[in-house]
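In the numbering used here, the protein residues as written are 2 to 217.
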């Protein structure tokens, strides 16, 4: 019953030109909202309850101009912010992919140009590994020399000097580090080969799509 009275009052309000003109002269808009009990309310000013439950903005013709959702709880706001951040991140990823695809097509007019660039990168990695192999061979030879000197002392029934023992320990670390470096370089090269294969296939897909778009 109370709801009917409120609605009737609003109808009367909009039906009287003088009253409607007075209201619109204040701020030109009216607000309608439904409270927790399902009752509809009208006001010519934005109230705390309207913000809390969400409201419609009604123009002078009695038409809903816009709807504003209810005030979110802290948990709902956090969830909404999280969702918005995720959507923004996804959009940035899509835009970044488009830029990268365009750059790939602009940088390499044909497949052979891309393959040449990829081979240059592999050649550079191979050169780095060759340098590491040379260093490893040299450091391994130095370790062998130190071990032979220690073995000579042991065969001569002489104690191995502490300085020589320390040198052997240090040289073992040097050799181990060189071996680890070479292994990392091999892993990098293998990963690069796989990445380049994916890049080449992606390039081919982009070129094919580009051809379809052109129609020839």
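Where is the CB? At the ideal position from N, CA and C, for every residue including glycine.
Comparing C-alpha positions only, which one of the options sits nearest to residue i?
i	options	result
residue 66	52, 33, 78	33
residue 167	147, 181, 185	147
residue 186	102, 115, 126	126
residue 169	136, 132, 142, 94	142
residue 194	95, 123, 102	123
residue 71	171, 197, 37, 128	37
residue 63	54, 55, 69, 45	45
residue 190	120, 91, 92	120
residue 197	112, 131, 57, 128	112
residue 134	102, 182, 94, 91	182
Strictly by DSSP, which residues pair up with residue i?
i	result
residue 33	43, 57
Buried or exposed, going by whether 16 or more other CB atoms sit within 10 Å of the CB of residue i?
i	result
residue 176	buried
residue 192	exposed
residue 144	buried
residue 79	exposed
residue 216	exposed
residue 140	buried
residue 59	buried
residue 96	exposed
residue 211	exposed
residue 31	buried
residue 51	buried
residue 213	exposed
residue 77	exposed
residue 138	exposed
residue 42	buried
residue 179	buried
Query raised in the report: Using 8 Å as the threshold, is the region 146-159 in touch with the region 77-91, meaning 3 or more CB pairs across them?
Result: No contact exists between the region 146-159 and the region 77-91.
Query raised in the report: At what residue ranges does the region 61-110 contain a whole run of the alpha helix (DSSP H), taking only runs of 4 or more?
Result: Counting only runs of 4 or more, we get 75-108.
Requested in this report: Decide yes or no for the touch test of the region 157-167 against the region 114-122: beta carbon pairs closer than 8 Å, at least 3 of them.
Outcome: Verdict: no, contact absent.
**Report entry** Stretch-stretch touch, CB-based, cutoff 8 Å, three pairs: the region 204-216 with the region 96-113
**Finding:** The region 204-216 is in contact with the region 96-113.
Requested in this report: At 4 residues or longer, and completely inside the region 153-216: list those alpha helix (DSSP H) runs for me, N to C.
Outcome: If we require 4 residues or more, the alpha helix (DSSP H) runs fully inside the region 153-216 come out as 163-215.
Report task. Scan the region 105-139 and note each continuous alpha helix (DSSP H) run of 4 residues or more that stays entirely inside, going in chain order. Result -> Look at the region 105-139 and you find no whole run of alpha helix (DSSP H) that is 4 residues long or longer.
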